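Have a look at the structure below, then the notes.
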Amino acid sequence: MHADSETLATLPAAPVSQLAFRDAMSSLAAAVNVITTDGPGGRAGFTATAVCSVTDQPPTLLVCINRSASVYETFIENGLLCVNTLGNGQQDLSNLFGGKRSQQERFDGGQWESGVTGAPILNSAKLALDCKVTQSVSVGTHDILFCQVLDIRHQGESDALVYFARQYHHLPGVAPAA
217 MHADSETLAT LPAAPVSQLA FRDAMSSLAA AVNVITTDGP GGRAGFTATA
267 VCSVTDQPPT LLVCINRSAS VYETFIENGL LCVNTLGNGQ QDLSNLFGGK
317 RSQQERFDGG QWESGVTGAP ILNSAKLALD CKVTQSVSVG THDILFCQVL
367 DIRHQGESDA LVYFARQYHH LPGVAPAA
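The numbering used here puts the first residue of the sequence shown at 217, with every later residue one more than the last.
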């Protein structure tokens, strides 16, 4: 994408408010993920939609985490994580990991096994991306964790859970193109 100086000149001079930005972001549909870790810092998890691919050489994704989150120090100390992408019908698990429940209560909501990094993998996840954190960048209130994907587990045609307009939505699974 290329912007010329005429396009840039039409942008508003006033800063965008926090409310306006959040409203705009609610218009971006996103997969619902439970991000998990386990290691010397302990076992922890949280719900996130701020997950994005970065590159496939090496396979890398990013996860955003608020530095004021109760789980922040655990993720930083462990240096590994698993992105567990939820499917249809897993809204309750998303709410557990997104709420003020204890870590034990959160993990009691699903069946887990350890991935190659030691991070908890949700057995019923639509997709699980087991990663080591390779870099962290601070921006505003959050850290962006760049994570190299070491293992992938995929449920194939299972339905997806997405968050859009501040609500959960269901997307039917489709068979991959041959």
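Heads up, the beta-carbon is just placed ideally off N, CA and C, and yes, glycines get one too. This structure is a prediction, so every number in the text was calculated from the model and none was measured.
How far does the alpha helix (DSSP H) with residue i in it extend, from its first residue to its last?
{"i": "Gly314", "result": "Gln307 to Gly314"}
{"i": "Asn294", "result": "Tyr288 to Asn294"}
{"i": "Leu235", "result": "Gln234 to Met241"}
Alpha carbons only, please: which of the options is nearest the one belonging to residue i?
{"i": "Ser374", "options": "Leu312, Ser352, Asp359 and Asn339", "result": "Asn339"}
{"i": "Val299", "options": "Ser286, Gly315, Gln234 and Phe262", "result": "Phe262"}
{"i": "Leu377", "options": "Val270, Gly325 and Gly303", "result": "Gly303"}
{"i": "Gly258", "options": "Met241, Ser286 and Ala247", "result": "Ser286"}
{"i": "Gln320", "options": "Thr276, Ile292, Asp254 and Ala381", "result": "Asp254"}
{"i": "Gly372", "options": "Ser269, Thr252 and Lys342", "result": "Lys342"}
{"i": "Ile251", "options": "Ala381, Tyr384 and Asn311", "result": "Asn311"}
{"i": "Tyr379", "options": "Asp272, Ala266, Ala335 and Ala245", "result": "Ala245"}
{"i": "Gly334", "options": "Ser269, Leu309, Tyr288 and Pro256", "result": "Pro256"}
{"i": "Asp308", "options": "Thr301, Ser318, Gly325 and Val365", "result": "Gly325"}
Could you pull the DSSP bridge partners for residue i from this structure?
{"i": "Ser340", "result": "None, per the DSSP bridge assignment."}
{"i": "Gly261", "result": "Thr252"}
{"i": "Leu297", "result": "Cys347"}
Hey, quick one: how far does the beta strand (DSSP E) through residue i stretch, first residue to last?
{"i": "Asp272", "result": "Val267 to Asp272"}
{"i": "Leu278", "result": "Pro275 to Asn282"}
State whether the segment 352-359 contacts the segment 380-392, with contact taken as three or more CB pairs (one from each stretch) at a distance under 8 Å. no
Please go through the segment 321-393 and give each complete alpha helix (DSSP H) segment of 4 or more residues, from N-terminal end onward. Counting only runs that start and end inside the segment 321-393, there is no alpha helix (DSSP H) element of at least 4 residues.
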